[in-house]
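A.B. asks:
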Amino acid sequence: MNSSSGKGSMSTASSSAAWKAGDAVPEQFPAGLRVLVVDDDQTCLMILEKMLRTCLYEVTKCNRAEIALSMLRENKNGFDIVISDVHMPDMDGFKLLEHIGLEMDLPVIMMSADDGKHVVMKGVTHGACDYLIKPVRMEALKNIWQHVVRKWKDEWKDFEQSGSVEEGDRQQKQSEDADYSSSANEGNWKSSKKRKDDEDEAEERDDTSTLKKPRVVWSVELHQQFVAAVNQLGIDKAVPKKILELMNVPGLTRENVASHLQKYRLYLKRLSGVSQHQSNPNNSFISPEEAAFGPLSSLNGLDLQTLAATGQLPAQSLATLQAAGLGRSTAKSSIPMPLVDQRNIFSFENPKLRFGEGQQQHMNNNKQINLFHGIPTTMEPKQLASLHHTAQSIGNINMQVTSHGAQSFQNNSLLMPMAQPQSRGQVLNNSTVGHAPTLPSSMGQPILSNGVAVNVSPRNGIPENIRAPGYNPVSQTSSILNFPMNTASELPGNSFTLGSTPGISGLTSKGAFQEDVNSEMKGLGEFLSSYDTFNDLNQHKPQNWEIQYVGMTYDASQHSNSLQDNLDLMQSVLVQQGFSSGQVNGQNRSAAVVRKAMFSAGDSTEHVNAQNVNQHLNSLVENTIRVKSERVADASAANLFPNHFGQEDLMSALLKQEGILPAENEFDFDGYSMDDIQE
Amino acid sequence: MEKNPMRRQLAIMRQALFDQGYLDEQFIQLEELQDDANPNFVEEVVTSYYRDSARLILKIEQALERKPFDFNKLDGYMHQFKGSSSSIGAKKVKAESTLFREHCNSGNGEGCVRAFQQLKQEYATLKKKLEAYFQLARQAGPMETACRPK
Numbered sequence: 001m002n003s004s005s006g007k008g009s010m011s012t013a014s015s016s017a018a019w020k021a022g023d024a025v026p027e028q029f030p031a032g033l034r035v036l037v038v039d040d041d042q043t044c045l046m047i048l049e050k051m052l053r054t055c056l057y058e059v060t061k062c063n064r065a066e067i068a069l070s071m072l073r074e075n076k077n078g079f080d081i082v083i084s085d086v087h088m089p090d091m092d093g094f095k096l097l098e099h100i101g102l103e104m105d106l107p108v109i110m111m112s113a114d115d116g117k118h119v120v121m122k123g124v125t126h127g128a129c130d131y132l133i134k135p136v137r138m139e140a141l142k143n144i145w146q147h148v149v150r151k152w153k154d155e156w157k158d159f160e161q162s163g164s165v166e167e168g169d170r171q172q173k174q175s176e177d178a179d180y181s182s183s184a185n186e187g188n189w190k191s192s193k194k195r196k197d198d199e200d201e202a203e204e205r206d207d208t209s210t211l212k213k214p215r216v217v218w219s220v221e222l223h224q225q226f227v228a229a230v231n232q233l234g235i236d237k238a239v240p241k242k243i244l245e246l247m248n249v250p251g252l253t254r255e256n257v258a259s260h261l262q263k264y265r266l267y268l269k270r271l272s273g274v275s276q277h278q279s280n281p282n283n284s285f286i287s288p289e290e291a292a293f294g295p296l297s298s299l300n301g302l303d304l305q306t307l308a309a310t311g312q313l314p315a316q317s318l319a320t321l322q323a324a325g326l327g328r329s330t331a332k333s334s335i336p337m338p339l340v341d342q343r344n345i346f347s348f349e350n351p352k353l354r355f356g357e358g359q360q361q362h363m364n365n366n367k368q369i370n371l372f373h374g375i376p377t378t379m380e381p382k383q384l385a386s387l388h389h390t391a392q393s394i395g396n397i398n399m400q401v402t403s404h405g406a407q408s409f410q411n412n413s414l415l416m417p418m419a420q421p422q423s424r425g426q427v428l429n430n431s432t433v434g435h436a437p438t439l440p441s442s443m444g445q446p447i448l449s450n451g452v453a454v455n456v457s458p459r460n461g462i463p464e465n466i467r468a469p470g471y472n473p474v475s476q477t478s479s480i481l482n483f484p485m486n487t488a489s490e491l492p493g494n495s496f497t498l499g500s501t502p503g504i505s506g507l508t509s510k511g512a513f514q515e516d517v518n519s520e521m522k523g524l525g526e527f528l529s530s531y532d533t534f535n536d537l538n539q540h541k542p543q544n545w546e547i548q549y550v551g552m553t554y555d556a557s558q559h560s561n562s563l564q565d566n567l568d569l570m571q572s573v574l575v576q577q578g579f580s581s582g583q584v585n586g587q588n589r590s591a592a593v594v595r596k597a598m599f600s601a602g603d604s605t606e607h608v609n610a611q612n613v614n615q616h617l618n619s620l621v622e623n624t625i626r627v628k629s630e631r632v633a634d635a636s637a638a639n640l641f642p643n644h645f646g647q648e649d650l651m652s653a654l655l656k657q658e659g660i661l662p663a664e665n666e667f668d669f670d671g672y673s674m675d676d677i678q679e
Numbered sequence: 001m002e003k004n005p006m007r008r009q010l011a012i013m014r015q016a017l018f019d020q021g022y023l024d025e026q027f028i029q030l031e032e033l034q035d036d037a038n039p040n041f042v043e044e045v046v047t048s049y050y051r052d053s054a055r056l057i058l059k060i061e062q063a064l065e066r067k068p069f070d071f072n073k074l075d076g077y078m079h080q081f082k083g084s085s086s087s088i089g090a091k092k093v094k095a096e097s098t099l100f101r102e103h104c105n106s107g108n109g110e111g112c113v114r115a116f117q118q119l120k121q122e123y124a125t126l127k128k129k130l131e132a133y134f135q136l137a138r139q140a141g142p143m144e145t146a147c148r149p150k
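Protein chains in written order, with the UniProt record's numbering: chain A, 1 to 679; chain B, 1 to 150.
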C-alpha cells in the first residue's frame, strides 16, 4: 500500500486502489470508507447511518434498491462497500447483490432480522461478503472495512499471480500494474480486480469451502488437460471428481474443476451449432498484443492472461476463457452471473482468445477468408498491422467485441477492422472471414440484415460497420473477430469480436471486413457500430462507454476525426461503441446509423444482448484499452457493464463470438449458431 | 447517581425500562450514538420508529380483516415490524412479533389475532413510557452517558 494514500485518498475512488496494492494500510484507514446503505426501513437506516458515521465512514443512505443501483452506476467508483437489507419492497436484496456484483464488483454486506440458516446461506451463495443479523450493533460495523481490503488484496494478488503465470507477460504486467496503480487506472483495475476477486471469492463460497483457496489459473495447458479429460469421460458423464482424477494435477481441487466444468458446459452450449474452425495459432500477431493483453488479462482473470501471454489462444483457450468467464460469473451468484463479470472476463478472454484464435484462423484458413466480398482473405499481417495501428485501439475493442473474430484474431493486428469501419457495413464479410462461411455471414449478417444495411456498401459505406470487426476473413475461420490484433497492444484482447453477443454477433461478423486490411478495419468499424447500436440500446451512460473505450477513445478519438478513413470510421465506430455517447456520437455518425439499424433490426432481445455484448465489448475494449486508457480512471471494468446483463446473454454473446471463430477448438463448434445472431 | 433530582428520576425511569423488560441492549447502542452533534438522537430514532411502524400496524390490521388470512403477507409485514422494533431495542414488542410470526408459520389465524392484540398493547405501552422518558430528559438537560443495565 502506498502510505502516501492517506485519508484523503481514501475518499477518492482511487484511494482504495492506491493502497490496495500494498500491504500497509494508511493510518487513517478505515476512516473515510465510502459506504452505501440500502434499507427500506427508515429507522434502521437512520441508526446505521449514525453508527457508520461514528466509525468515521462516509455514509450514503438509500431506502430504495433501484435508487441505490442507479447511484452506483452513476458513480462507479463512488463507493467502497455496500450494505443492504435482504427484504425490500422494490427489489429483493439478493437481486441487488447480484447486480452490484456483476456491474460494480463491490463488496456487499447483507443484513436482515432473519437469521435463519437458509437466508444466510443464500447470502453466501449470492456472493455477499458478510451477513449481519439485525439489530446491527456498532461492533459489527466497525470491521466492515476488512471486506474492502480483502477484496483489494485478493485482486492484487490475483493480478500478480496471473502475471506470474505468464512469464512473458510479467514484465508487461509490471508496467501495467504501474499503469494501474496510476490513479487513472486504479478505478478500473481495482474494479476489475475486485470483480475478479469477488467472483473468485464467490466461487469459493459456492464451493462451500470456508478456506480461501488459492486462485487457480486455468492456463491453456491446464484447460487442455481438462478438456481432454472431459472428452475422455464424455461430456455427459464428466463429473468433477473423475475429471480431477484424470487430470491428475496436484493442487487442483474438485471445486476448481467443478466450477470450471460449469463454465465449460455453458461454453459448449453456446458453441453447439457453431462449426468448428481450424485455426492455427499465430503468434506473430499476437505478440504485441500479448503485452498489452497481459495486463489486461490479469484484470480479467487468470485465463486471459494466459491467453494473452500465449498470444495465440487456441480455441481451447478461448473456451477456457469463456469458461473462466462464465465460471466466474456463476460463482458470483447463483443467479445469472453478473454480466459485468462475465463480460469482463470474456472481454479479456475473448480478446485473447480471439487473438490467438484469430491468428490461427488467419493462418490456417486464409483461403477461407475469402468470404468477404473480394476481401483478400489472406490478410497479411502487415496489412493488418497498418490497419491496426490506427485501429489498434479500435481493433482491440473490436477484438473483443467481435469475439467471433476471436479466431481471426490471428490477424488481429492485421485485422483491425477498424480500418474500414464504415465501409464494412458488410458484416457479412465476417461470414466470409470465418472459416465457417456460414458463420460469418450469419454472424455478421444478422446484424447487418437487421437493419443495417449490412451490405450497405460493402465496406465502405456502412458506417455502421455492422460488420463487427470481423477481421478479415483472413483468419479464415470466423475471424469475425478479426480484430486486428494490433501489435500495438491495443488490441490485446480486443480481438474478441464481440460477436459473441447475440445481437452483436451479427455485427461482429466483423470478419466481414476481411476484404483486406481495410476490411478488417471495417470490421472493427462494424463492430464498433454494432457496439454503438448496443450503445443506443443500452443507453449506456456515457461514462460507461467512455470508460470502456477509453482505450479506444484514445486511438479512436484521434482517428475519429477522419471518419472518412475507413480506419477512422472503424475507430469511430469502435469509439462509438465504447466511448461515451457523447464522444462517439459525434464521431460515428455513420456508425450510429448502422448501429441504429442494427438495433432496429434486432428484436428487443437482441438489443439486450447487444447491450450485453456492448457491455461486454466495452469491458473488453476497456480491458484492452486499459493500457491506454489511463484517462479513463473510471473505466474500471466494472463500469464497463453498466447494464446488468443476464448471464445468458453475455455468455451467448461471448460464446457466439467464440463459436464463430474457426479454430481447432476442442470445443467442436460447428459454426455459429445463427440463432444468436438474431436480427 | 445523579445529584440533580430530575436527572436522578430520569435515571430511575430509564433503569426501570430495562428492568421491566421493555428495552434491551440495543437501546443502549442508540444511546451510545448520541453525542453533542446529535443530542436528541435517541428520541429522533424512536419518533421515526413510531411513525413508520404505525403504518405497518395499520397494514397488518387491514390484512387481518380479510379472510382467509394471507399468512405470507402477514409474516412479511411482521418481519419488517420486528426488524424495526428490534433496532430500537423494543424488547417486549419484539417478543410479541416473534410470537405472531410463529402463529403465521403454523397457519394459526386465531393465534395471530391474539398475538397481534398483545403486540399492539405492548407497542402502545412502550410508546407512552418512552414519551414520558424523553419529556423528562428534555427537562432534565443532558443525560448521563449510557450505562448498561445491571
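By construction, the Cβ of each residue, glycine as well, lies at the ideal position given by its N, Cα and C atoms.
Between the Cα of residue 92(A) and the Cα atoms of 104(A), 139(A), 68(A), which residue gives the shortest distance?
C.D. replies: 68(A)
A.B. asks: Figure out for me which residue from 21(B), 82(B), 138(B) has the closest Cα to the Cα of residue 126(B).
C.D. replies: 21(B)
A.B. asks: Restricting to Cα atoms, I'd like to know which of 157(A), 120(A), 99(A), 50(A) is closest to residue 37(B).
C.D. replies: 50(A)
A.B. asks: Pull out every residue of the region 14 to 29 of chain B whose Cβ sits closer than 7 Å to any Cβ of chain A, in chain order.
C.D. replies: So the list reads 26, 29, given in the order they occur along the chain.
A.B. asks: So is residue 69(B) in contact with chain A if we call contact Cβ pairs under 8 Å?
C.D. replies: No, because no Cβ of chain A sits closer than 8 Å to the Cβ of residue 69(B).
A.B. asks: Under 8 Å, with one C-beta from each stretch per pair, do the region 44 to 61 of chain A and the region 92 to 101 of chain A reach the 3-pair mark?
C.D. replies: no
A.B. asks: Tell me, please, whether the CB atom of residue 74(B) is closer than 8 Å to any CB atom in chain A?
C.D. replies: no
A.B. asks: Can you pull out the residues from the region 58 to 87 of chain A whose beta carbon lies closer than 7 Å to at least one beta carbon of chain B?
C.D. replies: 87
A.B. asks: I'd like the list of long-range same chain contacts for residue 33(B), defined as Cβ closer than 7 Å, with 5 residues on each side in sequence excluded.
C.D. replies: 41
A.B. asks: Relative to chain A, which residues along the region 52 to 68 of chain B have a C-beta separation below 9 Å, given in chain order?
C.D. replies: 52, 53
A.B. asks: Enumerated in chain order, which unbroken segments of the beta strand (DSSP E) with a length of 3 residues or greater are wholly contained in the UniProt domain "Response regulatory" (34 to 149) of chain A?
C.D. replies: 34 to 38, 58 to 62, 81 to 85, 108 to 112, 130 to 133
A.B. asks: Going by other Cβ atoms of all chains shown within 10 Å of its Cβ, with 16 needed for buried, is residue 66(B) buried or exposed?
C.D. replies: exposed
A.B. asks: Determine the extent of the alpha helix (DSSP H) in which residue 97(B) is found, giving its start and end residues.
C.D. replies: Residues 91 to 105.
A.B. asks: Which residue marks the beginning of the alpha helix (DSSP H) containing residue 253(A), and which one marks its end?
C.D. replies: Residue 253(A) -> no alpha helix (DSSP H), and no H or E assigned at all.
A.B. asks: What is the residue span of the alpha helix (DSSP H) that residue 72(B) lies within?
C.D. replies: Looking at the DSSP string, the run of the alpha helix (DSSP H) that includes residue 72(B) is 71 to 88.
A.B. asks: For residue 103(B), count neighbouring Cβ atoms within 10 angstroms of its own Cβ and tell me buried if that reaches 16, exposed if not.
C.D. replies: buried
A.B. asks: Does the beta-carbon distance from residue 10(B) to residue 136(B) come in below 8 Å?
C.D. replies: Result yes, Cβ atoms of residue 10(B) and residue 136(B) sit closer than 8 Å.
A.B. asks: Could you tell me the boundaries of the alpha helix (DSSP H) in which residue 133(B) lies?
C.D. replies: 109 to 140
A.B. asks: Give me the DSSP bridge partner(s) of residue 23(B).
C.D. replies: The partner list for residue 23(B) (beta bridge, DSSP) reads 90(B).
A.B. asks: I'd like to know whether the C-beta atoms of residue 87(B) and residue 134(A) end up nearer to each other than 8 Å.
C.D. replies: yes
A.B. asks: Can you look up residue 28(A) in the DSSP assignment and give me helix, strand or coil?
C.D. replies: coil
A.B. asks: What is the DSSP secondary structure of residue 34(B), counted as helix, strand or coil?
C.D. replies: coil
A.B. asks: Can you tell me the Cα-Cα spacing of residue 66(A) and residue 56(A), whole angstroms?
C.D. replies: 26 Å
A.B. asks: Spatial neighbours of residue 240(A) within its chain, please: C-beta separation below 7 Å, excluding the five flanking residues on both sides.
C.D. replies: 254, 257, 258, 261
A.B. asks: Assuming residue 67(B) is part of the alpha helix (DSSP H), what are its boundary residues?
C.D. replies: First-last for residue 67(B): undefined, no H or E at that position.
A.B. asks: Along chain A, which residues have their Cβ under 7 Å away from the Cβ of residue 45(B)?
C.D. replies: 43, 46, 47
A.B. asks: For the alpha helix (DSSP H) holding residue 231(A), just list the boundary residues, first then last.
C.D. replies: For residue 231(A), the enclosing alpha helix (DSSP H) covers residues 220 to 233.
A.B. asks: Tell me whether residue 5(B) is buried or exposed, calling it buried when 16 or more other Cβ atoms sit within 10 Å of its Cβ.
C.D. replies: exposed
A.B. asks: Is the beta carbon of residue 230(A) sitting closer than 8 Å to the one on residue 264(A)?
C.D. replies: Contact flag set, yes.
A.B. asks: Could you check whether the region 116 to 129 of chain A touches the region 93 to 108 of chain B, counting it as contact only if at least three pairs of C-beta atoms, one from each stretch, sit closer than 8 Å?
C.D. replies: no
A.B. asks: Taking the Cβ atom as the reference point for each residue, do residue 81(A) and residue 33(A) lie within a distance shorter than 8 Å?
C.D. replies: yes
A.B. asks: Where does residue 236(A) sit, in a helix, a strand or coil, going by DSSP?
C.D. replies: coil
A.B. asks: Should residue 62(B) be labelled buried (16 or more other beta-carbon atoms within 10 Å of its own) or exposed?
C.D. replies: Classification of residue 62(B): exposed, given that the 10 Å Cβ count is below 16.
A.B. asks: In chain order, what residues of the same chain have a beta carbon less than 8 Å from the beta carbon of residue 147(A), not counting five sequence neighbours either side?
C.D. replies: 81, 107, 109, 129, 130
A.B. asks: Could you work out which residue in 109(B), 80(B), 106(B), 110(B) is closest to residue 97(B) when comparing CA atoms only?
C.D. replies: The residue from 109(B), 80(B), 106(B), 110(B) with its alpha-carbon nearest to that of residue 97(B) is 80(B).
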